[in-house]
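Residue numbers (this note's numbering): 35 to 224.
Beta carbons: idealized from backbone N, C-alpha and C, even for Gly.
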């Protein structure tokens, strides 16, 4: 198990010291990130043998358990920065007073693929409703379309762009629809 600290202040230093002193974790299994490397706490972490970096993303990549050890008002900015790098394997612990688990979860969910797939499904369903289908049927057909596309992608071992190109005839309706879709600024029905 590896532990990462985003923030290398007093709290991160105390926790790292406690983990190593108790024999829970060796220092080389700990990484901490800080934009400033000349802080006394960073020096103390360095003397312990903790890995140090200026990159929060690197800390996430090299951690199983991630401690958000920064001031509460910094947490949203940190989550915006590293949210796409946080995976299901990570255990995220907020050390910031007043920052709820649900607020961290909500912020991180925006970076996960499932919400994006649901947004695409919702857009497909909106397109079906626009064409006269009942909402329930439009959602079911959209889900089947996504399921079929995912199965095709997994079975074919081709790049998604190649599969798209396979169904787009030069000058055809599909490529024109895709081009028109890409020029729209706001999301809408697919």
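For residue 108, the closest C-alpha among the options 85, 86, 68 is that of 68. Excluding residues up to 5 positions away in sequence, 65, 67 lie with their Cβ nearer than 8 Å to the Cβ of residue 92 in the same chain. Beta-carbon to beta-carbon, residue 187 and residue 197 are separated by about 6 Å, close enough to satisfy the 8 Å threshold. Check the Cα spacing between residue 61 and each of 38, 142, 82: the tightest is with 82.
As a beta-bridge residue in DSSP terms, residue 101 pairs with 39, 127. Per the C-alpha coordinates, the member of 206, 106, 216, 86 positioned closest to residue 97 is 86. Counting only runs of 3 or more residues that sit fully inside the segment 40-72, the beta strand (DSSP E) segments are 64-67, in chain order.
Looking at 101, 194, 211, 75, the one whose alpha-carbon comes closest to that of residue 130 is 101.
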